[in-house]
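Undergrad: Before anything else, here's the structure in question.
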């Protein structure tokens with residue numbers, strides 16, 4: 146059973162990624178992006194490879210949403226949500242620097258990334274999927290987040 150631990154984690158986490166995809170999809174309704182019009186296609190970028198891409202593509206679409214994986218940061222010119230998977234090889238500081246001051250919701254899934262400046266970070270607490278929100282990072286990016294969503298978040302600084 147030697148195998149690759151990341152592949153094993155991804156296989157065991159199929160339901161977890163379906164749930165994360167559902168969260169991302171719902172965030173669209175509770176986050177406000179300046180200069181975004183509801184009749185535009187909503188863009189979700191996934192940095193490098195992640196099982197969340199397949200889960201996002203399987204979601205029923207009642208909105209115009211473009212979902213695309215990018216091999217590197219330089220390929221991404223614009224997106225509304227940037228999902229940074231656990232196994233990303235690009236340092237979070239580099240990602241945050243590229244999108245500093247831009248209305249991009251950066252969502253990660255690695256412990257500590259919320260405190261490092263990602264606007265949202267998925268965490269497992271008592272075997273339940275939760276999400277952290279870094280309000281300082283949200284405010285810097287010019288994104289608005291509803292109080293309803295904040296009631297369900299773990300606030301980090």
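Numbering (the numbering used here), first residue to last: 146 to 302.
Even for Gly, the Cβ is constructed at its ideal location relative to N, Cα and C.
Output needed for residue 235: all residues of its chain with C-beta closer than 6 Å, excluding positions within five of it in sequence on either side, in chain order.
TA: As a working mapping, residue 235 is identified with position 90 in the chain shown. Closer than 6 Å at the Cβ level, and outside the excluded window around residue 235, lie 218.
Undergrad: Considering only DSSP beta bridges, list what residue 204 is partnered with.
TA: Position 59 of the chain shown, counted from the start, is the residue given in the question as residue 204. According to DSSP, residue 204 bridges with nothing at all.
Undergrad: Helix, strand or coil for residue 283, going by three-state DSSP, please let me know.
TA: Position 138 of the chain shown, counted from the first residue, corresponds to residue 283. Look at residue 283 here: in three-state DSSP terms it is helix.
Undergrad: Per DSSP, what are the beta-bridge partners of residue 116 in this structure?
TA: Outside the shown range of the chain, which is 146 to 302, sits residue 116, and nothing can be said about it.
Undergrad: Is the CB-CB distance between residue 189 and residue 212 below 8 Å?
TA: Locating residue 189 in the chain shown gives position 44, where the first residue counts as 1. Locating residue 212 in the chain shown gives position 67, where the first residue counts as 1. Cβ atoms of residue 189 and residue 212: closer than 8 Å.
Undergrad: When DSSP labels each residue in this structure, what does residue 259 get in the three-state scheme?
TA: Here residue 259 refers to the residue found at position 114 when the chain shown is read from its first residue. If DSSP states are grouped into helix, strand and coil, residue 259 belongs with the helices.
Undergrad: Please determine, among 163, 283, 300, 243, the residue with the shortest C-alpha to C-alpha distance to residue 177.
TA: Taking the chain shown and counting its residues from 1, the one referred to as residue 177 is at position 32. The shortest Cα separation from residue 177 among 163, 283, 300, 243 belongs to 283.
Undergrad: Out of 270, 237, 250, state which residue places its alpha-carbon closest to the alpha-carbon of residue 258.
TA: Reading the chain shown from its first residue, position 113 is the one you call residue 258. Closest by C-alpha distance to residue 258, out of 270, 237, 250, is 237.
Undergrad: Determine the burial state of residue 293: buried for a count of at least 16 other Cβ atoms within 10 Å of its Cβ, exposed for fewer.
TA: What you label residue 293 is simply residue 148 of the chain shown in a count that begins at 1. With fewer than 16 Cβ atoms within 10 Å of its Cβ, residue 293 is classed as exposed.
Undergrad: For residue 149, count neighbouring Cβ atoms within 10 angstroms of its own Cβ and tell me buried if that reaches 16, exposed if not.
TA: Taking the first residue of the chain shown as 1, we reach residue 149 at position 4. With a pLDDT of 38 at residue 149, under the threshold of 50, the modelled position of that residue is not reliable, and no figure is offered here.
Undergrad: With which residues is residue 289 paired in a DSSP beta bridge?
TA: Against the chain shown, residue 289 aligns to sequence position 144. DSSP, once it has assigned bridges, lists 177 as partnering residue 289.
Undergrad: Does residue 203 pass the burial test, meaning 16 or more other C-beta atoms within 10 Å, or should it be called exposed?
TA: Within the chain shown, residue 203 is the residue found at index 58, counting from 1. Looking at its Cβ environment, which holds fewer than 16 other Cβ atoms inside 10 Å, residue 203 is exposed.
Undergrad: Grab me the residues of residue 253's own chain with a C-beta within less than 6 Å of its C-beta, minus the 5 sequence neighbours each way, in chain order.
TA: Residue 253 sits at position 108 when you count from the first residue of the chain shown. Excluding sequence neighbours, residue 253 sits near 229, 263, 266.
Undergrad: Span of the beta strand (DSSP E) holding residue 253?
TA: Walking along the chain shown from the start, residue 253 turns up at place 108. Looking at the DSSP string, the run of the beta strand (DSSP E) that includes residue 253 is 250-253.
Undergrad: So, with DSSP's three-state summary, where would you put residue 267?
TA: The residue given as residue 267 occupies position 122 in the chain shown. Strand, per DSSP.
Undergrad: Quick check on the burial criterion: 16 or more other C-beta atoms within 10 angstroms. Buried or exposed for residue 319?
TA: For residue 319 there is no data in the structure shown, the boundaries of the chain being 146 and 302.
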